[in-house]
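J.: Taken in order, these protein sequences are the chains called X and R. For the first sequence, the positions run 50 to 241 when our numbering is used. For the second sequence, the positions run 50 to 241 when our numbering is used.
Protein chains: 2
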Amino acid sequence: MNVMNDSPRRKELTRQAAQLFVQEGFDRTTVRMLAQEMGIKSGSLFHHFRDKQEILAAVIEEGTQNALLIARASLESCDHTPEARLQAMARAHLETLLTDRNAHVVALYEWRRLDPEARDHLIHLRDAYEALWEAVIDEALDAGLIHGDRFLVSRFVMGALNWTVRWYDPAGPRSPDDLAHELVAMITQRPA
Amino acid sequence: MNVMNDSPRRKELTRQAAQLFVQEGFDRTTVRMLAQEMGIKSGSLFHHFRDKQEILAAVIEEGTQNALLIARASLESCDHTPEARLQAMARAHLETLLTDRNAHVVALYEWRRLDPEARDHLIHLRDAYEALWEAVIDEALDAGLIHGDRFLVSRFVMGALNWTVRWYDPAGPRSPDDLAHELVAMITQRPA
DNA sequence: AATTTACACTAGCGCTTGCTTGGTTGCCCC
DNA sequence: GGGGCAACCAAGCAAGCGCTAGTGTAAATT
Numbered sequence: 050m051n052v053m054n055d056s057p058r059r060k061e062l063t064r065q066a067a068q069l070f071v072q073e074g075f076d077r078t079t080v081r082m083l084a085q086e087m088g089i090k091s092g093s094l095f096h097h098f099r100d101k102q103e104i105l106a107a108v109i110e111e112g113t114q115n116a117l118l119i120a121r122a123s124l125e126s127c128d129h130t131p132e133a134r135l136q137a138m139a140r141a142h143l144e145t146l147l148t149d150r151n152a153h154v155v156a157l158y159e160w161r162r163l164d165p166e167a168r169d170h171l172i173h174l175r176d177a178y179e180a181l182w183e184a185v186i187d188e189a190l191d192a193g194l195i196h197g198d199r200f201l202v203s204r205f206v207m208g209a210l211n212w213t214v215r216w217y218d219p220a221g222p223r224s225p226d227d228l229a230h231e232l233v234a235m236i237t238q239r240p241a
Numbered sequence: 050m051n052v053m054n055d056s057p058r059r060k061e062l063t064r065q066a067a068q069l070f071v072q073e074g075f076d077r078t079t080v081r082m083l084a085q086e087m088g089i090k091s092g093s094l095f096h097h098f099r100d101k102q103e104i105l106a107a108v109i110e111e112g113t114q115n116a117l118l119i120a121r122a123s124l125e126s127c128d129h130t131p132e133a134r135l136q137a138m139a140r141a142h143l144e145t146l147l148t149d150r151n152a153h154v155v156a157l158y159e160w161r162r163l164d165p166e167a168r169d170h171l172i173h174l175r176d177a178y179e180a181l182w183e184a185v186i187d188e189a190l191d192a193g194l195i196h197g198d199r200f201l202v203s204r205f206v207m208g209a210l211n212w213t214v215r216w217y218d219p220a221g222p223r224s225p226d227d228l229a230h231e232l233v234a235m236i237t238q239r240p241a
């Protein structure tokens with residue numbers, strides 16, 4: 050009946066869907082709205098995606114995969130001090146929020162709308178990303194750069210960062226690098 | 050046609066609606082589901098609320114108002130040191146998450162589903178709550194207990210705390226007091 | 001030249017949605 | 001002992017929903 054590969058066309062449609070999902074929310078976004086945004090009729094949409102759920106999964110997968118790539122690249126190209134690695138992760142996280150904002154907002158807000166199969170698949174991607182964070186935080190703890198409970202510290206840091214999607218304005222005066230600096234300074238208690 | 054006062058009956062219905070909104074999300078929760086949970090028929094629902102939107106607004110208002118009350122009470126009954134006040138705010142925040150969890154989860158996830166009028170009204174409540182936080186953080190900054198940009202620090206702290214709704218398990222080994230301690234320790238760099 | 005593939009279209013089915021209407025119940029108070 | 005009223009109900013409307021069926025067509029493949 051239809052295809053489910055990752056053609057370039059499908060990637061572009063996914064990007065457009067992400068924007069609508071952010072504007073309206075997944076449930077309020079109808080397949081007719083999606084089709085109109087994509088410049089096709091609603092029936093044609095199901096040539097590219099099996100159903101509406103699959104569009105949501107595609108959006109979230111795309112964003113998470115990019116975050117993982119950027120974080121890995123950032124870790125590989127920075128100094129090997131715990132502080133530099135903390136900052137690299139924070140900056141990478143915030144930069145992803147800039148370039149893939151829509152996808153990440155959708156991932157944060159609409160995660161629960163995924164059906165169980167899609168969630169099972171995507172949870173592994175997310176775990177891989179969070180594992181990077183916990184490794185970096187472990188190093189910082191071992192080096193005495195920060196203190197406290199391993200689990201709680203990583204949750205607090207991820208919370209502070211993820212929350213930025215609700216207030217961070219890329220057009221404002223602060224760069225992702227500024228924010229990363231300030232966050233690391235806050236938890237390591239060194240002047241920014 | 051119908052009433053919009055704050056009768057005890059309406060309060061109870063609001064509480065039940067909050068739970069369904071958390072389970073299903075606002076958009077997926079139908080008026081028929083709400084009515085069934087409340088033990089009435091869907092038509093009767095519109096005797097208590099003008100429309101579905103008003104139920105959402107009632108849920109969020111209830112939760113935010115309680116958070117404000119608890120935070121104020123907590124500030125009044127704690128020591129007047131910056132550190133004690135920081136901890137009091139953090140603990141109050143987490144305790145509210147325990148007692149009013151449903152309402153707060155709805156406030157975080159479904160805020161954008163509010164229509165503009167309701168949002169205008171509720172945003173003042175939220176601002177009042179956040180103003181409490183910023184005052185306490187200002188005191189901590191002035192006292193040299195923490196360092197950094199006033200705006201960023203308060204956003205990071207609120208982010209870390211608000212994010213707890215996504216992972217905190219009240220049945221687990223950690224109490225709200227534990228978490229508050231650990232968070233304050235993390236940003237003031239004292240051993241937990 | 002024949003066939004397949006990719007992508008789009010029109011039309012509409014079957015169902016659910018939020019909300020309305022018009023009327024009934026049972027309790028309270030004068 | 002009857003008027004008033006909050007609370008409820010049965011029934012259903014108009015609109016919108018996700019998705020399917022069947023068809024057209026231009027390009028790629030055989």
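Ideal placement from N, C-alpha and C gives every residue a C-beta, glycine not left out.
#1: At the level of alpha carbons, what is the spacing between Y217(R) and S224(X)?
#2: CB-CB under 7 Å to V154(R), same chain, minus the five flanking residues each way: which ones, in chain order?
#3: Work out the CA separation of M82(R) and I243(R) for me, nearest whole Å.
#4: Smallest Cα separation from S93(R): which of V80(R), Q102(R), F200(R), A192(R)?
#5: If you count every other CB in all the chains shown that lies within 10 Å of the CB of F75(R), and 16 or more means buried, which is it?
#6: Give, in chain order, every residue of the segment 203-221 of chain R whose Cβ lies closer than 9 Å to some Cβ of chain X.
#7: If you reduce the DSSP assignment to three classes, tell me which class I186(R) lands in.
#8: M50(X): buried (16+ other C-beta within 10 angstroms of its C-beta) or exposed?
#9: Using a beta-carbon distance below 8 Å, is M235(X) in contact with chain R?
#10: How would you write the range of the alpha helix (DSSP H) that T79(X) sits in, first residue to last?
#11: Quick one: is P131(R) buried, meaning 16 or more other Cβ sit within 10 Å of its Cβ, or exposed?
#12: By a C-beta neighbour count over all protein chains shown, 10 Å radius and 16 as the cutoff for buried, is I195(R) buried or exposed?
#13: Compare the C-beta of G193(X) with all C-beta atoms of chain R and state if any pair is closer than 8 Å.
#14: What are the residues in the segment 74-95 of chain X lying within 7 Å of chain R by C-beta distance?
#15: With a threshold of 8 Å, are at least 3 pairs of Cβ atoms found where one atom belongs to the segment 154-170 of chain X and the other to the segment 87-105 of chain X?
#16: From the beta carbon of E179(R), is the nearest beta carbon of chain X less than 8 Å away?
#17: Nearest to L201(X) by alpha carbon, out of D149(X), I119(X), G193(X), I186(X)?
#18: List the residues of chain R whose Cβ lies closer than 7 Å to the Cβ of R161(X), in chain order.
#19: Which of the three DSSP states is assigned to A192(R) in this structure?
#20: Please list, in chain order, all residues of the same chain as G221(X) whose beta carbon is under 7 Å from its beta carbon, the five residues on each side excluded.
#21: Quick one: using the 10 Å Cβ neighbour count with 16 as the cut-off for buried, is G88(X) buried or exposed?
#22: Using three-state DSSP, classify P222(X) as helix, strand or coil.
#23: In terms of residue numbering, what span does the alpha helix (DSSP H) encompassing G88(X) cover?
#24: Could you tell me which of T78(X), A107(X), A234(X), L143(X) sits nearest to A156(X), measuring between CA atoms?
#25: Would L232(X) pass as a contact of A141(X) if the rule is Cβ separation under 8 Å?
#26: Using a Cβ cut-off of 8 Å (strictly closer), state whether D198(R) contacts chain X.
#27: Using the C-alpha atoms, what's the distance from G197(X) back to R168(X)?
T.: The relevant details are as follows:
#1: Rounded to whole angstroms, the gap between the alpha carbons of Y217(R) and S224(X) is 31 Å.
#2: Shown here for V154(R): same chain residues with a beta carbon closer than 7 Å to its own, the five before and five after excluded, namely V71, V214 in chain order.
#3: The requested residue 243(R) is not part of the displayed model; chain R covers only 50 to 241.
#4: Considering only alpha carbons, the answer is V80(R).
#5: So F75(R) ends up on the buried side.
#6: Residues of the segment 203-221 of chain R whose Cβ lies closer than 9 Å to any Cβ of chain X, in chain order: R204, F205, V206, M207, G208, A209, L210, N211, W212, T213, R215, W216, Y217.
#7: I186(R): helix per DSSP, three-state reduction.
#8: Per-residue confidence for M50(X) stands at a pLDDT of 43, beneath the threshold of 50, marking its modelled position as unreliable; the derived number appears in the next sentence. The C-beta of M50(X) has fewer than 16 other C-beta atoms within 10 Å across all chains shown, which makes the residue exposed.
#9: Yes, because at least one Cβ of chain R sits closer than 8 Å to the Cβ of M235(X).
#10: It is not in any alpha helix (DSSP H) - T79(X) carries neither H nor E in the DSSP assignment.
#11: Burial call: buried.
#12: The residue in question, I195(R), is buried, as its Cβ has 16 or more Cβ neighbours within 10 Å.
#13: Interface annotation, G193(X): not in contact with chain R, CB-CB separation never under 8 Å.
#14: Listed in sequence order: G74, D76, R77.
#15: Using a C-beta cut-off of 8 Å, the segment 154-170 of chain X makes contact with the segment 87-105 of chain X, since at least three inter-stretch Cβ pairs fall below that distance.
#16: No, E179(R) lies away from the interface with chain X (no Cβ there is under 8 Å from its Cβ).
#17: Between L201(X) and the set D149(X), I119(X), G193(X), I186(X), the nearest pair of CA atoms involves I186(X).
#18: What R161(X) touches in chain R: G74.
#19: The answer is coil: DSSP assigns A192(R) none of H, G, I, E or B.
#20: Hits under 7 Å: none found.
#21: The residue in question, G88(X), is exposed, as its Cβ has fewer than 16 Cβ neighbours within 10 Å.
#22: Coil.
#23: From DSSP, G88(X) is part of no alpha helix (DSSP H); its letter is neither H nor E.
#24: Among T78(X), A107(X), A234(X), L143(X), the Cα nearest to that of A156(X) belongs to A107(X).
#25: With respect to A141(X), L232(X) sits apart: the two C-beta atoms are not nearer than 8 Å.
#26: Yes, contact with chain X.
#27: The straight-line gap separating the alpha-carbon atoms of R168(X) and G197(X) is approximately 31 Å.
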